[in-house]
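Let me begin by presenting the structure, written as structure tokens, before commenting on it.
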Amino acid sequence: MHRSKILVWALLLTLLAAASIVPLAMSNVPGQVSERINVSSRPTIQIYDTVDPKNLVRHDGYAIIYYWDKTNETTEPIFVSIYDVEEGEMVVSELHVDDSSDVGYVYPVAAWHIAANQLLIVWQDVSAGYGKVYGRFVSLGGTLGSKISIATSQGPGFLSYVRIASGAQKALVVFKDSSQNYRVYGCLVSSDGSVQGPFQISTDGAYYPHVAYDSSSGKFLVVWGVSGFQMKFRWVDEDGNLGPETSLGSANTGFLRPAKLISVGQGKFALAYIGHDNEHLNVTIISAGSGSHTDVVVSTKYTKYLDMAYAFGKIYLVYEGKSGNEYNIYSAVVTTSGAVESSDNPICTASGNQRYPNLDFDGEKLVAVWKDHRNSAYRADVYGATIKTDGQLDREVEVDVNGGQTGKKYVQMIGLEDGYSMVIFKEYDESGNYLGTYGRIIHSPEIPELELLLKDQ
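Count along the sequence shown from 1, then add 146; that gives the number in the numbering used here.
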């Protein structure tokens, strides 16, 4: 055998041997997808249809899934499951994190608390006339901490739109208090469960708060919409000090809806939002220290849902774009100085509606997934794609496809590390009956040199 062929086959056998130790049933090409993972068979679990928050948290090769079960009108338990990607198994399955007698505990959100080295999950209590927010630490082994009372409304009304982000030492929990003229408040939660706050962040008439943390500046940024045609933001440090309240937008952009807020390093944040008058997609780059901000129009396509991630020193977006009566999936690339490098890059333009895109960085590549109706107008499959650093399509991936025989809803994805991502979705049969909530792991290894060598032999 020719020496080059021997080397190629030796390399191939080495890679196959290495792949055999991975406990996931996958193919040997980029975009490989695991077998289905059974997340839950509970018939009434609730999952968000948004990208902020998502029901997924990543930490050190683990995918953490949380949700609540609206089984009946008297109990709404909250659960956490933890999947170990390396072992290929669910190491914690449907851990009940609130009290067994809890009534009206809903809308959980969670983040990995850096100082505590545990998951901090928080939720709303809507069981009484006064709203409350509780929390609890959860270890990777499934050990529960004591229930933490984080906040109580200051009058009759509810605390809603709860969001969370972890700083280096404390986590900031923000929420809207309807008993106080719809103001946004915040609480800082330490690793020992002690709480600082609540303290007022916004003036009256606030909605849709979002929060993110930038490690280089040591500051959180809180963004919210206000009645009319504006958004506002304010930075908060881990001691509870607040920066000035600063306005974004004007009447020219229409009713503004914050969609996703992320840190992009060097004391900067990226905010993606949509104006309701024309549904155009915009990104604002905000400096936490100075409060300066740069706003750019990313796409003028009719857009409703999007996701955003930071990788390779740039900001990447995937979003819906309406063409005729159908939605397609597009991508864009924006620099941290606010320059649009490319936009409206076609990621999926197959026939039928393609909706609810998700995007994240898996440690090696940018990965997107979405609900795909190319095979059925009424029942969606799940497709995905890896995306190049210039925002162009790398390759498409069939994540969970059966020709539209069953329908998938509430598709979510989060990047993990080492080229792994996790996708979750709820599935329904052709009559609309719930079948279960499932997950899959996507792996995006990069082996183009091997592919080229094999093609040459």
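Quick reminder that beta carbons are idealized off the backbone N, C-alpha and C, glycines included.
Is it buried or exposed for Glu573, if we count other Cβ within 10 angstroms and need 16 for buried?
Per the 10 Å Cβ criterion, buried.
Leaving out five residues on either side along the sequence, give the residues of the same chain with a beta carbon under 6 Å from the beta carbon of Gly484.
Once the five neighbours on either side are set aside, the close Cβ partners of Gly484 are Ile431, Thr440 and Val442.
Whole angstroms is fine: what's the gap from Ser445's alpha carbon to Asn428's?
If you take the alpha carbons of Ser445 and Asn428, they lie about 7 Å apart.
Under 8 Å: do the stretch 557–572 and the stretch 493–513 share three or more Cβ pairs, one atom per stretch?
Yes: the two stretches touch, three or more of their Cβ pairs being nearer than 8 Å.
Going by beta carbon distance, what residues of the same chain come within less than 6 Å of Gly288, once the five residues before and after it are set aside?
Non-local beta-carbon contacts of Gly288 in its own chain, meaning distances under 6 Å to residues more than five positions away in sequence, involve Val238 and Leu241 in chain order.
With DSSP run on the structure shown, which of helix, strand or coil describes Ser325?
In the structure shown, Ser325 adopts helical secondary structure according to DSSP, grouped into three states.
Hey, out of Val368, Asn579, Gln412 and Leu318, whose CA is closest to Ser393's CA?
It is Val368 whose Cα lies nearest to the Cα of Ser393.
What is the rounded straight-line gap between the Cα of Tyr556 and the Cα of Thr495?
Approximately 21 Å between the Cα atoms of the pair.
Pick out whichever of Arg380, Ser340, His519 and Thr535 has its Cα sitting closest to the Cα of Gln315.
That would be Ser340, whose Cα lies nearest to the Cα of Gln315.
Grouping DSSP H, G and I as helix and E and B as strand, with all else coil, what is Thr289?
Looking at Thr289 - three-state DSSP - the assignment turns out to be coil, as it is neither helix nor strand.
Indicate whether Tyr476 and Lys450 have their beta-carbon atoms separated by less than 8 Å.
Their beta carbons are not under 8 Å apart, which means Tyr476 does not touch Lys450 by this criterion.
Please say whether Pro390 and Trp370 have beta carbons closer to each other than 8 Å?
No, Cβ-Cβ distance for Trp370 and Pro390 is not below 8 Å.
From Leu463, Gln500, Gly470 and Thr481, residue whose alpha carbon lies closest to that of Asn491:
Check the Cα spacing between Asn491 and each of Leu463, Gln500, Gly470 and Thr481: the tightest is with Leu463.
Host beta strand (DSSP E) of Ser186 (start-end):
Per DSSP, Ser186 is one residue of the beta strand (DSSP E) stretching across Ile183 to Ser186.
Lys554 and Val513: beta carbons closer than 8 Å?
Result no, Cβ atoms of Lys554 and Val513 do not sit closer than 8 Å.
DSSP bridge partner residues for His589 (one or two, in chain order)
Paired residue(s): Gln178 and Tyr566.
CB Val284 to CB Ala297, shorter than 8 Å?
The Cβ-Cβ distance between Val284 and Ala297 does not fall below 8 Å.
Proximity winner among Asp230, Ser409, Phe345 and Gln551, relative to Ser361 (alpha-carbon distances):
The shortest C-alpha separation from Ser361 is found at Ser409.
What does DSSP give as the partner residues of Asp518 in its beta bridges?
Bridge partners of Asp518: Gln500 and Asp527.
In this structure, how does DSSP classify Ala455 when only helix, strand and coil are distinguished?
Per DSSP, reduced to three states, the secondary structure at Ala455 is strand.
Tell me the DSSP secondary structure of Val168 in three-state form.
Confidence at Val168 is low in this model, with a pLDDT of 42, below 50, so the placement of that residue should be treated as unreliable; the coordinate-derived value is given next. Looking at Val168 - three-state DSSP - the assignment turns out to be coil, as it is neither helix nor strand.
Determine, for Gly332, whether the minimum Cβ-Cβ distance to residues of chain B falls below 8 Å.
Looking at the structure shown, chain B is missing, and only one protein chain is on hand.
First through last residue of the beta strand (DSSP E) which encompasses Thr190
Neither: Thr190 is in no beta strand (DSSP E) and is coded neither H nor E.
In chain order, what residues of the same chain have a beta carbon less than 7 Å from the beta carbon of Arg586, not counting five sequence neighbours either side?
If you ignore the 5 residues before and after Arg586, its C-beta comes within less than 7 Å of the C-beta of Val179, Ser180, Arg182, Ile183, Val545, Asp546 and Val569, all in its own chain and listed in chain order.
In the DSSP assignment, the beta strand (DSSP E) including Tyr307 goes from what residue to what residue?
Bounds of the beta strand (DSSP E) holding Tyr307 are Leu305 to Ser312.
I'd like the span of the beta strand (DSSP E) that includes Ser445, first residue to last.
Run containing Ser445: His439 to Ser445, per the beta strand (DSSP E) assignment.
Starting from the C-beta of Asn201, find all residues in its chain whose C-beta is less than 8 Å away, skip the five residues before and the five after it, and write them out in chain order.
So the qualifying residues of the chain are Ile193, Tyr194, Ile211, Tyr212, Tyr213, Gln558 and Ile570.
Taking its Cβ as the centre, do 16 or more other Cβ atoms sit within 10 Å of Gln551, making it buried, or is it exposed?
That one is exposed.
On the DSSP bridge assignment, give the partners of Ile475 in chain order.
Per DSSP, Glu466 and Cys494.
Val203 and Trp269 - do their beta-carbons sit closer together than 8 Å?
No, Cβ-Cβ distance for Trp269 and Val203 is not below 8 Å.
CA nearest to the CA of Tyr456, picked from Gly537, Leu581 and Val515:
Looking at the Cα atoms, Gly537 is the closest of the given residues.
Reference Val197; option with closest CA among Phe345, Val486 and Arg309
Closest in C-alpha terms to Val197, from the list Phe345, Val486 and Arg309, comes Arg309.
Work out the CA separation of Phe321 and Ile228 for me, nearest whole Å.
Spanning the two alpha carbons is a distance of roughly 26 Å.
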